[in-house]
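One rule links them: number in my numbering = place in the sequence shown (from 1) + 17. What follows is a set of notes on a single structure, which appears directly below.
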Amino acid sequence: MRDIVMGNGALMLNFDGELNLRDLYWPYGGFENHGDGNRSAWGVYADQRLSWLFCPEWEKRLGYLPDTPVTRIHAVNQNLGLELEINDALHPAEDLYLKRIVVRNLREYPREIKFIFYQDFSIRGIEAGDSAVYDPQTGGVYHYKRGCYILANCRTAQGGGNEYSTGIKRYRGREGTYRDAEDGCLALNPIADGSVDSAIGVRVELPPLGEEEVCYWLVVSYGLQELREANRRFLERSPGAWVAEIARHYRAWIKRSHRDFRDLTPRQVELFKSSLFTIRSQIGRRGAVVASPDADTFLVARDHYMYLWPRDGAMVAHALDLAGYPEEARRIYTFCGGVISEEGYFLQRYNPDGTPGCTWHPMIMNGREVPPIQEDETALVLWALGRHFQMYGDEDLVLSLYERMIRPALKFMSGYLDTETGLVAPSWDLWEERWGILSFTCGAVYGALQLGQSLALAAGDREMADRSRIAAGLLRQAMATHLYHSGLGRFVRGLFPDQDGKLVPDYTLDASMYGLFAFGALPADDPRIESTMKAVGTELWVKTEVGGVARYTGDYYHRVSDDLGTVPGNPWIITTLWLADWHIARGTREDLERARNLIEWAVGHAGGGNLLPEQIHPYTGEPVSVCPLTWSHSTLVKVIMDYLLKLESVKLN
């Protein structure tokens, strides 16, 4: 779990709730973790002892400067008589991070204290072959390996840090400079290589009941000279001036989302804006959206969420479009246009540099060669792009992507159909667990084909527009015929092949049935949709004090309870908000009130750093699995925008 995330498209930093730097990605956010999940900590040496900020004696309150992702953290240690006000800021254009600290002496006599900052980097995610070097020209310590240089430095208003050390960590019992720092005196060892760490320190003279400013910063570059030049530029201005500049930039950016938020609470509006900042932090400069930067899952599963899933990317792009950020969305669509296969479909996921991510989807099923895909991912990129075109009329983007992405995808989807039913042919479901024909996938493909007509017409391709229109109409008919079960009075999850290859219905109640109306296949007030979504809202509701909507009955992913009557599965942020979105689409007064309550449920489960997880523990309400999940944040933005747009349309009518 991460509590603070920052990213500028190239440099991404993640901190835990104890203010330890855990992840440092560069030059692609989410790709090559130079922090490797290890704890780069900092602390204060006072009264003859070192107190790390992660120690329980520090009381911390996380927050942000208004309308910015710049932190405003309050920390107090009554035992040491010290109070800290902390600003963490990442420059939006330069690969520069700074921590500005105002330290206050709560004692009525002067004191000398020392700040110590510890760096535990494993460059390129490998704990070997690194060097840590004290650099007299900058007064800091830099770590480097194969074209990645990270400089750590610190100073006060009176001058630069005057202590440093480098050492060997986690090798033959050696504990490195982390242990060396505990006596408050760094050994001034100027270089180490192999599995290395480092520490730097700066002394602070505090007057009685007075305060001083301390600054710590990191600069990342491809070479030493660029590192030194960036350090020189940083020293030309005060830390306060840097923080103010960065805050101004983000306040100007978030103004584009300002609107009449109607009856939303201040906390809901705050999380809406914070979600936009979180989304922005996860978008690389090439347009890849990291699903989650939380590296803790690697310790359990030996894999992580630091990939772009085209599905997640499409949902993020659509949320940005709704909120008034088409340029950011454009980068995502452009990235997708660069990675789609020649056959016209997307693979399961991609690394932030555009190479295919690792997968568990085989290319052979039941002795037949099949595409290793989740077809809804291809569909949702086209659907989101179609909505982008509806909202912004972005013909230049459509024309630039038509031959390499749009036309091949429309051709694939209009042809990849099951000959027996007329539904989409089998692929992996959006939960990445089952191979078959999912209702959600059918809804997504319908939406893509329907909106794809306008994309084809914009490119002058009437033949493909007609082909998409006909395929969409036939698919919609097949969905009504084969996916609705009159005995149950609702839709089924989908059709899945048995051992003999025969398609049989899966009656499991699944929140993803939301996709049957979300992309335009059926209206929200269709009686068949109403009965289905009402079943989702009652049978998948977690019947504990926590509440929320599970993915499906019997969900096993991170399951904490076998009492399926009470807990059909862990509640997810996205599935709970899907239910809210259905109520919004219906638009009655009672529905809108229910939607507000569901939005509040999601907002209420954000952490102190305003981050939304993937799942919630059904008994404790604590985050489960990764945190943050970018998809959770984009869904909150989308649903709030849908809510505000619905209120506006009701007012106009």
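The beta carbon of each residue, even a glycine, is placed where N, CA and C say it ideally should be. No experiment lies behind these values; they were computed from the predicted model shown.
Between the options, which lies nearest to residue i when the distance is taken from Cα to Cα?
i             : options                           : result
tyrosine 188  : Ser212, Tyr42 and Tyr433          : Ser212
leucine 661   : Gln285, Asp200 and Arg172         : Gln285
arginine 276  : Lys560, Glu230, Lys290 and Gly355 : Lys290
threonine 525 : Met496, Thr498 and Glu556         : Glu556
tyrosine 81   : Pro585, Leu653 and Ala264         : Ala264
glycine 304   : Gly24, Gly586 and Val641          : Gly24
proline 83    : Ser666, Glu287 and Gly157         : Glu287
tyrosine 166  : Ile217, Ala110, Ser238 and Ile349 : Ser238
aspartate 320 : Gly361, Arg89, Gly371 and Thr376  : Thr376
glycine 506   : Met550, Gly432 and Pro388         : Met550
isoleucine 13 : Ala204, His499, Arg486 and Ser485 : For residue 13 there is no data in the structure shown, the boundaries of the chain being 18 and 670.
arginine 338  : Asp411, Ser182, Val119 and Met29  : Reading off the sequence shown, one finds aspartate at residue 338, where the question assumed arginine. The shortest Cα separation from aspartate 338 among Asp411, Ser182, Val119 and Met29 belongs to Asp411.
tyrosine 161  : Leu241, Gly582, Glu180 and Ile616 : Leu241
Can you tell me where the alpha helix (DSSP H) with residue i in it begins and where it stops?
i              : result
methionine 323 : Element bounds for methionine 323: n/a, residue is neither H nor E.
isoleucine 487 : 479 to 499
cysteine 353   : 343 to 356
aspartate 608  : 606 to 621
threonine 593  : 590 to 603
tryptophan 400 : 392 to 409
threonine 173  : It is not in any alpha helix (DSSP H) - threonine 173 instead sits in the beta strand (DSSP E) that spans 165 to 173.
Under the three-state reduction of DSSP, which class applies to residue i: helix, strand or coil?
i                 : result
leucine 539       : coil
methionine 15     : Only positions 18 to 670 of the chain appear in the structure, and residue 15 is not among them; the question remains open.
serine 471        : helix
glycine 463       : The displayed chain sequence assigns tyrosine, not glycine, to residue 463. The answer is helix: DSSP assigns tyrosine 463 an H, G or I state.
tyrosine 419      : helix
glutamine 95      : coil
proline 379       : coil
threonine 436     : coil
valine 317        : With a pLDDT of 49 at valine 317, under the threshold of 50, the modelled position of this residue cannot be trusted, and the question is left open.
valine 260        : helix
glutamine 632     : strand
leucine 653       : helix
lysine 385        : The sequence as given places arginine at residue 385; lysine does not occur at that position. Strand.
leucine 662       : helix
threonine 525     : coil
aspartate 214     : strand
aspartate 105     : strand
lysine 560        : coil
phenylalanine 534 : helix
aspartate 40      : strand
glycine 673       : Nothing about residue 673 can be read from this structure; the chain reaches only from 18 to 670.
Please return the same chain residues whose Cβ sits closer than 6 Å to the Cβ of residue i, not counting the five positions on each side in sequence.
i              : result
valine 521     : Asp515
glutamate 222  : Glu129
alanine 92     : Trp75, Lys77 and Leu101
aspartate 527  : Arg510 and Tyr569
glycine 604    : Lys663
leucine 468    : Trp400 and Gly403
valine 584     : Val559, Ser578 and Pro635
arginine 421   : Gly354
tryptophan 326 : Ala308 and Arg366
aspartate 483  : none
Are the Cβ atoms of residue i and residue j separated by less than 8 Å?
i             : j                 : result
valine 415    : alanine 475       : yes
glycine 511   : glycine 439       : no
glutamate 236 : leucine 113       : At residue 236 the sequence reads valine, which differs from the glutamate that was named. Contact flag set, yes.
aspartate 313 : methionine 18     : yes
proline 544   : proline 588       : no
glutamate 74  : asparagine 104    : no
valine 563    : threonine 592     : no
proline 369   : aspartate 40      : no
valine 356    : tyrosine 367      : yes
alanine 336   : lysine 663        : no
glycine 518   : isoleucine 21     : no
glycine 47    : methionine 323    : yes
serine 148    : isoleucine 90     : no
cysteine 171  : phenylalanine 132 : yes
glycine 157   : asparagine 248    : yes
alanine 538   : tyrosine 433      : no
For the beta strand (DSSP E) that residue i lies in, which residues bound it at each end?
i             : result
leucine 293   : Taken as a continuous stretch (DSSP letters only), leucine 293 belongs to no beta strand (DSSP E), being part of the alpha helix (DSSP H) at 283 to 298.
threonine 183 : 180 to 188
lysine 116    : 113 to 122
glycine 24    : 21 to 24
glutamate 129 : 128 to 136
Who are the near neighbours of residue i in its chain, counting only those whose CB is closer than 8 Å to its CB and skipping five residues on each side?
i             : result
leucine 472   : Leu399, Leu402, Gly403, Phe406, Val415, Tyr419, Ile423 and Leu427
histidine 502 : Phe508, Val509, Pro522 and Tyr524
Would a check of beta-carbon distances place residue i closer than 8 Å to chain C?
i           : result
leucine 557 : Annotation note: the requested chain C is absent from the structure, which comprises a single protein chain.
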